[in-house]
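Structure, as structure tokens:
There are 4 protein chains.
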Amino acid sequence: MARWERRDVVVRTNATGHALTAPVFVARGRQARPLAYVQANVHGGELQGNAAILALFELLERESLRGTVILVPRANPVSANQQVGDYVAGVYDLLTGNNFNRGYLYLTGPSRSASAASYVDVDSFAAAHESSPLGEIQEGFREALKAAVAAVEAESRAWGTDSRLEFALAIQKMSVEADLVLDLHTGDRAPRYLYAPEGAVAAARAFGFPFVLEVPARFGGALDESAFVPWQDLSDAFRRIGRNDVPRLVDAYTVELGSMNAFSLEAGKEDARRIASALRHYGVLDGEPDAPPAQITTCSVGDYRSLHAPGGGLGDHAVEPGTPVKAGDVVARLVDPSRCRSLPPRVADAAVEVRAPEDGVVLLFHAFSSVPKGARLFSMMTRTRPL
Amino acid sequence: MARWERRDVVVRTNATGHALTAPVFVARGRQARPLAYVQANVHGGELQGNAAILALFELLERESLRGTVILVPRANPVSANQQVGDYVAGVYDLLTGNNFNRGYLYLTGPSRSASAASYVDVDSFAAAHESSPLGEIQEGFREALKAAVAAVEAESRAWGTDSRLEFALAIQKMSVEADLVLDLHTGDRAPRYLYAPEGAVAAARAFGFPFVLEVPARFGGALDESAFVPWQDLSDAFRRIGRNDVPRLVDAYTVELGSMNAFSLEAGKEDARRIASALRHYGVLDGEPDAPPAQITTCSVGDYRSLHAPGGGLGDHAVEPGTPVKAGDVVARLVDPSRCRSLPPRVADAAVEVRAPEDGVVLLFHAFSSVPKGARLFSMMTRTRPL
Amino acid sequence: MARWERRDVVVRTNATGHALTAPVFVARGRQARPLAYVQANVHGGELQGNAAILALFELLERESLRGTVILVPRANPVSANQQVGDYVAGVYDLLTGNNFNRGYLYLTGPSRSASAASYVDVDSFAAAHESSPLGEIQEGFREALKAAVAAVEAESRAWGTDSRLEFALAIQKMSVEADLVLDLHTGDRAPRYLYAPEGAVAAARAFGFPFVLEVPARFGGALDESAFVPWQDLSDAFRRIGRNDVPRLVDAYTVELGSMNAFSLEAGKEDARRIASALRHYGVLDGEPDAPPAQITTCSVGDYRSLHAPGGGLGDHAVEPGTPVKAGDVVARLVDPSRCRSLPPRVADAAVEVRAPEDGVVLLFHAFSSVPKGARLFSMMTRTRPL
Amino acid sequence: MARWERRDVVVRTNATGHALTAPVFVARGRQARPLAYVQANVHGGELQGNAAILALFELLERESLRGTVILVPRANPVSANQQVGDYVAGVYDLLTGNNFNRGYLYLTGPSRSASAASYVDVDSFAAAHESSPLGEIQEGFREALKAAVAAVEAESRAWGTDSRLEFALAIQKMSVEADLVLDLHTGDRAPRYLYAPEGAVAAARAFGFPFVLEVPARFGGALDESAFVPWQDLSDAFRRIGRNDVPRLVDAYTVELGSMNAFSLEAGKEDARRIASALRHYGVLDGEPDAPPAQITTCSVGDYRSLHAPGGGLGDHAVEPGTPVKAGDVVARLVDPSRCRSLPPRVADAAVEVRAPEDGVVLLFHAFSSVPKGARLFSMMTRTRPL
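Protein sequences, first through last, are from chains A, B, C and D.
255 is the number that the working numbering gives to position 255 of the first sequence; each next residue is one higher, with no gaps.
Counting the second sequence from 1 gives a position; the working numbering is that position plus 1000.
Counting the third sequence from 1 gives a position; the working numbering is that position plus 2000.
Counting the fourth sequence from 1 gives a position; the working numbering is that position plus 3000.
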């Protein structure tokens, strides 16, 4: 039986002084580690991860918990409440334009909100731990990362903490502790798929999602990168001084649980089952992961390409998200009745056929069926291969 | 074969002087009347009517057109382009809060943008036409309505035309000419249904939609009301002076073609078939309307009730839109993980079951699965009966 | 010395379950009545009333308080936090388009959110109190109004309270108790001015603002109307049964404290002094009101007219807000460089001169210097006279 | 007399197919070069640059034009029309969160929208032009930059041009031709000041603004950087191969003309006079620049620091923008009435004094007087020195 705790963390204080908080649930098992950090709904319109976490509440009561799981549903009340009409777009902060999943701190390199003094120099660390045992390296490096977080926070005091940094600090104080980080998102209109660190093949298979995008160890501001890139940087630094026995000790995934706006408690149970399989792979839960599906398609995130609308109009999909296509196949029609300049007006004049520029899998369509020219109409995996 | 014309009408000029226009397509048949005015997408996020109009382009080439059809897809480029993130909420003007379908002029009574001088007094008109033949009444009244539109426009010149009135004038100059007005909308998440004027039973059946909301002849600012209420007012005025042979000579419908954000050219063909059936009922097209479905459920629009969320949360539907329920049936669950105050956390603590307060048909769910307290969670037909 | 209390009222609960509250401060003097209710910032961008209330905190400690004052700064945290970029537009709810100052309940007549059962029929009340003494009428009517508020609330339970009604109930439960209601707003770009009930001349003079708009006793949804119209209705009902000794027993004012976005603690002290003068007029504070200024200009709110931009462009004011003008005077220039079609380009081609259509006082300019065609460019008092 | 041309460039096509265009005015003098490119209002709420350009229209008719001036007022109709309520925030694209002044292409290095193939390698260029005369270098490098722009455009065809890139291409096709680029912006609430390239002291003095922020030659996405950094990169590359006679041949400035939302034709004349002085410095106009003011204060842009609000509240400035302060001086008060927890309530409890963390000049305050915690409350020049 897990031992549970609950607290609330403040992620922003609004203009009238109200604190916006996220609920944090901690389930503790037989031992402290491995520790998994799981959050959902950092983008305000991406809801299904909350259903997964709710299902995990009950799953963790049924399964045998070895390590610790931190669960943060509704992690971003700022974004969840930036509603216009009935919709929550949720990706960008209406106040600052910031993508809520691009403002995290790079703890082993320079990032926007931190000075040079406030990150860990992996080469110095490796040099200082040249002959330390792995456990000591792991523990020492984690302490160093936590010290970097604290340094950024201390440094921000004189001039005040900007709201983006406040959010990053609130989340990373939790995630920096983790051996495994899962950031539950959704695509716009998409099947379930996974962003996985390069090389984490067996683990990625444990999730059992049919599509996997491989993420190189380059920091771009997302939570998954903020969690695993420093540990890859550390591994690389040790390799540079000739020590090849220090693997990347933390993995992190962005888990895309279907489409924006969708929310189903029932589907959340299946999502929780897949996450539990991964937790077993990482030893957070006892037992073996589920057998992976017969086929998982993967490509590098660099080969995940977006097609931008060649004109304004109404999008009508010719294929379902998750469908393999050949270069030249019609993927969508983009319809603008004002293009009917000759009479009688004809659908053919209004509709532009948009074709796949390359072979691949159409993974994601724009969330809304009306788009301006230059908006992402769909995204495709290209140069795919089996995982 | 229809004779076609195309023009563009300006519905707003933006701050940089760019005119936002709607395309107007006119198909002329053997005779000028009956004249049907069909527009789509006045609410920027309600897209499917455009697919119906595109399908009507081709249907009107195949069928025998007796009267005239004016077709205005993308009628409201203002709203269609008020996009935040990927979404167009589209009901309310981001500049003024105005519902884009509540600002039309009441041509036989006082409305927001017009003085007493600028509407037709139906009792005076009836008195003056006490013994006129019906055709003369019809023609004379339409001219009077057109004069009222012109008077409002003239009157607005001294102090300038506000943007809401400019939109109303642009549309009503077209719709005032019509014998039949179809305003193509969608529900939030809904099946196809119809707002029909009280008493228009046979016509409403000609559309063949399974659900019909009956609209009394009271002006509330919507286009359908702006079109049929004046003619009902006229009929009532004649009845008051003892003449019972003047029926309402114009009908108008708000046609709800499914859900916001959905857009399908294929489904548009079926929508066009239903509209064509109604056009045949009204004699705009030659031929007979299709046989209506076995069952059409109706209620008065006054018995169409909305349930407001009893708390903030994530909505998970227990029934599909269009489903009959009994009072006390669970219609939706409203989920907020922060309600899990006791540990271990349980889904049951997070989820509030929301039940139907009365018997009826759940017709519409909120467009987005995350709602604040007090938002419309769903709407139900109550006191239903077969049409 | 006033006795103080403080509490917080919930005005909305957001999608993540956070309650948005307004702080309520009550200062109690020697006796319970007269009771003044003063709120600020119902429109999220109209800030200066908060400075006035802060200054009143200290003024009420210095002056002799006879009755009771309820002070609610930041009354609308919903609106205050609907920020886009750096700005809070604040008039319309981004979720529903509702003007936050148009959703109050009409307690002696039908309003949007209430059934016929839930308001007071003034004629029945007058008949039942035909020979009651004034004090009894006052007390009985207030109880009846409170019962109406309670009835609306009870009635809303079955289908849930919509967010607009929830806000109205939260505020009106407080304001219905008051003998005097002050709703502190600001104009867009404007001097200080007052909306005063018709006939409240001496009281309006006590405020000492140079401009007064007279509001007839017709309910349009604003707080001031919600407070004084029922009491005027009561007075009228008694007059209809021949009793002329029942005056309107409650007054209410919308007090416009300069421009949106402006906030000055220093100017708030002067604003508080003016409000204190009115509180003395009404006997809430001991003492006499200040001598009014030499000239106060007034007109009926029906003669307060808005000029809508004749085109899109950049507005440059030719006069300051609060300036008298003659018909034909240039009030503003509306500039759009894209109108320079002939070369060399000339300012004269870009700028349209906008002139006063009538004699009057230019009271208010649009808050932003870029406007689309049809936006309110400025508003003027016409048919002015000294108060 | 200048020879004038006018055209319109499309910067975006919206969802209903309407092209949003910016007007381009070209004034040609005696010779083609030097060529100055001047645009205004890329951020939709920063209006005054348009007044400056209008005044330049007439100034260019009065003065002797040696080279060419391209003038683009209202350069960003996308942003100018992203209005919510009465306000245009204007910095961030409501669709994508992008800062409209951070998406330009880095033509001598990798940028977001371009592959490695589509920028100029300055070292290769320098090597290939090791012994070329300066004029040939200048011309050749400009051709290379134009080829890079064309390459990015060609490369974007297969997958479509995203809206940010489309904007960058539309602007940079014009600005890449220039010897001098002026991007007319405003601060939030600020005096007039200048972002000037490091080292351009005499030129910066020619503008005559009292405050100058020095910008290092590092690309961050802004237009001024996109224009001058490539030429600095080229100069550096020549220096690396031992040739020190190739200066930076293009300068670019972001010119901050006061506060957002302000628009004055009259003030625009003075702004145009200052710009004309700079145009004379650069030889675009004949004659000598005006004498600079007695004192110009400067600091590096790295020493231009922002203070983030320590809590939510209403901001009241203690000093005017442009005021020198000492560390510890009160710069603003941040007021939240809900902080009055003890009774009687006191202003002192509501108001937090915000002090300057260092000596410097308070240059800019937040555009709106209500801010959440973590918003930029004000920005200060620190480590200032005379220019």
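Heads up, the beta-carbon is just placed ideally off N, CA and C, and yes, glycines get one too.
* Inspect the beta-carbon positions of ALA15(A) and LEU184(A) and report whether they are closer than 7 Å. => Taking the first sequence and counting its residues from 1, one reaches residue 15(A) at position 15. Taking the first sequence and counting its residues from 1, one reaches residue 184(A) at position 184. No, Cβ-Cβ distance for ALA15(A) and LEU184(A) is not below 7 Å.
* **Residues near ARG1007(B) in its chain [Cβ-Cβ closer than 7 Å; skip 5 each side]** => As a position in the second sequence, residue 1007(B) is number 7, starting the count at 1. Once the five neighbours on either side are set aside, the close Cβ partners of ARG1007(B) are VAL1024.
* For TYR106(A), the nearest candidate out of VAL91(A), VAL122(A), ARG339(A), TYR92(A) (CA to CA) -> Indexing the first sequence from 1 puts residue 106(A) at position 106. Of VAL91(A), VAL122(A), ARG339(A), TYR92(A), the residue nearest in Cα terms is VAL122(A).
* Would you check if the distance between the CB atom of LEU35(A) and the CB atom of ASP179(A) is smaller than 7 Å? => As a working mapping, residue 35(A) is identified with position 35 in the first sequence. As a working mapping, residue 179(A) is identified with position 179 in the first sequence. Yes.
* To do: Using a Cβ cut-off of 8 Å, pull out every chain B residue sitting near GLY315(A), in sequence order please.
  => Here residue 315(A) is taken as the residue at index 315 of the first sequence, counted from 1. Near GLY315(A) (Cβ distances below 8 Å), the residues of chain B are PHE1263.
* Asked: If you draw a straight line from the C-alpha of ASP349(A) to the C-alpha of LEU1056(B), how long is it?
  -> In the first sequence, the residue the question calls residue 349(A) occupies position 349. In the second sequence, the residue the question calls residue 1056(B) occupies position 56. Using only the alpha carbons, I get a separation of about 14 Å.
* Asked: Are three or more beta carbon pairs between the stretch 3360-3368 of chain D and the stretch 3322-3340 of chain D nearer than 8 Å?
  -> yes
* Sort LEU1194(B), ALA1158(B), ASP1093(B) by Cα distance to PRO2357(C) and report the nearest one. => For this step, residue 2357(C) is matched to residue 357 along the third sequence. The option with the nearest alpha carbon to PRO2357(C) is ALA1158(B).
* Asked: Which residues in the same chain as VAL72(A) place their Cβ atom closer than 6 Å to its Cβ, once the five residues preceding and following it in sequence are excluded?
  -> Translated into positions along the first sequence, residue 72(A) becomes position 72. Around VAL72(A): ALA22, VAL24, GLN39.
* To do: Take PHE3209(D) and list the residues in its own chain whose beta-carbon comes closer than 6 Å to its own, dropping the five residues that flank it on each side.
  => Taking the first residue of the fourth sequence as position 1, residue 3209(D) is located at position 209. Excluding residues within five positions, the ones whose Cβ falls inside 6 Å are ARG3192, TYR3193, LEU3194.
* To do: Say whether the stretch 3200-3214 of chain D touches the stretch 3131-3151 of chain D, bearing in mind that this needs 3 or more beta-carbon pairs closer than 8 Å, one atom from each stretch.
  => no
* Along chain B, which residues have their Cβ under 9 Å away from the Cβ of ARG2339(C)? -> Stepping through the third sequence from its first residue, residue 2339(C) is reached at position 339. By Cβ distance, chain B contributes GLY1017.
* **Beta-carbon gap between VAL2331(C) and ALA2318(C) smaller than 7 Å** => Here residue 2331(C) refers to the residue found at position 331 of the third sequence. Here residue 2318(C) refers to the residue found at position 318 of the third sequence. Their beta carbons are under 7 Å apart, which means VAL2331(C) touches ALA2318(C) by this criterion.
* Where ALA3227(D) sits in the DSSP three-state scheme -> Here residue 3227(D) refers to the residue found at position 227 of the fourth sequence. In the structure shown, ALA3227(D) sits in a helix (DSSP, three-state: H, G or I).
* Candidates PHE3207(D), ASP3188(D), ALA3217(D): which alpha carbon is nearest PRO3197(D)'s? -> Counting from one through the fourth sequence, the residue named residue 3197(D) turns up at place 197. When each option's Cα is compared against that of PRO3197(D), the closest is ALA3217(D).
* Three-way DSSP call (helix, strand, coil) for HIS185(A) in this model -> For the purposes of this step, residue 185(A) is taken as residue 185 along the first sequence, with counting starting at 1. Three-state DSSP puts HIS185(A) in a strand.
* Asked: Between THR161(A) and the rest of its own chain, which residues show a CB-CB distance below 8 Å, the 5 nearest in sequence each way excluded?
  -> Taking the first residue of the first sequence as position 1, residue 161(A) is located at position 161. Cβ neighbours of THR161(A) beyond the five flanking positions: GLU153, LEU169.
* Asked: Cα separation between GLU3225(D) and VAL246(A)?
  -> For the purposes of this step, residue 3225(D) is identified with residue 225 of the fourth sequence, where counting begins at 1. For the purposes of this step, residue 246(A) is identified with residue 246 of the first sequence, where counting begins at 1. Cα to Cα, the separation comes out at about 42 Å.
* Asked: Given that ASN2050(C) touches chain D, what residues does it touch there, using C-beta distances under 8 Å?
  -> Along the third sequence, one-based indexing puts residue 2050(C) at 50. Simply LEU3314, VAL3335, PRO3337.
* Measuring only between beta-carbons, confirm whether HIS1281(B) sits less than 7 Å from chain C. => As a position in the second sequence, residue 1281(B) is number 281, starting the count at 1. No, because no Cβ of chain C sits closer than 7 Å to the Cβ of HIS1281(B).
* C-alpha distance - SER1235(B) paired with SER1124(B), whole-angstrom precision -> Walking along the second sequence from the start, residue 1235(B) turns up at place 235. Walking along the second sequence from the start, residue 1124(B) turns up at place 124. When rounded, the distance between both Cα atoms is 13 Å.
* Any idea which residues DSSP pairs TYR1193(B) with across the strands? -> What you label residue 1193(B) is simply residue 193 of the second sequence in a count that begins at 1. DSSP output for TYR1193(B) lists PHE1211(B), GLU1256(B) as bridge partner(s).
* Asked: Taking DSSP as the reference, what is the three-state secondary structure of ASP2464(C)?
  -> The question about residue 2464(C) has no answer, for chain C in this structure spans 2001 to 2387.
* Looking at chain A, which residues of the stretch 3146-3168 of chain D have a Cβ within less than 7 Å of any of its Cβ atoms? -> ALA3158, TRP3159, GLY3160, THR3161, ASP3162, SER3163, GLU3166
* Asked: Does the stretch 3260-3271 of chain D come close enough to the stretch 3043-3057 of chain D that 3 or more CB-CB pairs lie under 8 Å?
  -> yes
* Asked: At a CB-CB cut-off below 9 Å, which residues of chain D make contact with GLY2258(C)?
  -> As a working note, residue 2258(C) is residue 258 in the third sequence. What GLY2258(C) touches in chain D: nothing, since even the nearest Cβ is about 12 Å away.
* **Member of ARG189(A), ASP290(A), THR254(A), ASN261(A) whose CA lies at the smallest distance from the CA of SER379(A)** => Taking the first residue of the first sequence as 1, we reach residue 379(A) at position 379. Checked all of ARG189(A), ASP290(A), THR254(A), ASN261(A); the closest Cα to SER379(A) is ARG189(A).
* Asked: Given a threshold of 16 other Cβ atoms within 10 Å of its Cβ, counted over all protein chains shown, does ILE2171(C) qualify as buried or as exposed?
  -> Along the third sequence, one-based indexing puts residue 2171(C) at 171. So ILE2171(C) counts as buried.
* To do: Check each candidate in SER277(A), ARG243(A), ASP336(A), ARG248(A) and name the one with the smallest Cα separation from ALA1075(B).
  => In the second sequence, the residue the question calls residue 1075(B) occupies position 75. Per the Cα distances, ASP336(A).
* **DSSP three-state assignment for ASP3123(D), whether helix, strand or coil** => In the fourth sequence, residue 3123(D) corresponds to position 123, counting from 1. Residue state, collapsed to three classes: helix.
* Asked: Along the chain, which unbroken stretches of the alpha helix (DSSP H) at least 4 residues long are found entirely within the stretch 2001-2063 of chain C?
  -> The stretch 2001-2063 of chain C contains these whole alpha helix (DSSP H) runs: 2048-2062.
* Beta-carbon proximity check, TYR2087(C) vs TYR3087(D), cutoff 7 Å -> Sequence index remark: in the third sequence, residue 2087(C) carries index 87 (1-based). Sequence index remark: in the fourth sequence, residue 3087(D) carries index 87 (1-based). Their beta carbons are under 7 Å apart, which means TYR2087(C) touches TYR3087(D) by this criterion.
* What's the call for GLU1256(B), buried or exposed, on a 16-neighbour Cβ count within 10 Å? -> For this step, residue 1256(B) is matched to residue 256 along the second sequence. So GLU1256(B) ends up on the buried side.
* Work out the CA separation of TYR2119(C) and THR2068(C) for me, nearest whole Å. => Position 68 of the third sequence, counting from 1, holds the residue named residue 2068(C). Position 119 of the third sequence, counting from 1, holds the residue named residue 2119(C). Roughly 27 Å between the two C-alpha positions.
* Applying a beta-carbon distance threshold of less than 8 Å, which residues of chain C neighbour PHE94(A)? -> Here the question's residue 94(A) lines up with position 94 in the first sequence. Note that residue 94(A) is Leu in the sequence shown, not Phe. Correct list: GLN2083, VAL2084, GLY2085.
* To do: Could you tell me which of ALA1202(B), GLN1138(B), GLU1353(B), HIS1129(B) sits nearest to GLY1242(B), measuring between CA atoms?
  => The count along the second sequence starts at 1 and reaches residue 1242(B) at position 242. Distance check between GLY1242(B) and each of ALA1202(B), GLN1138(B), GLU1353(B), HIS1129(B) places HIS1129(B) closest, using alpha-carbon atoms only.
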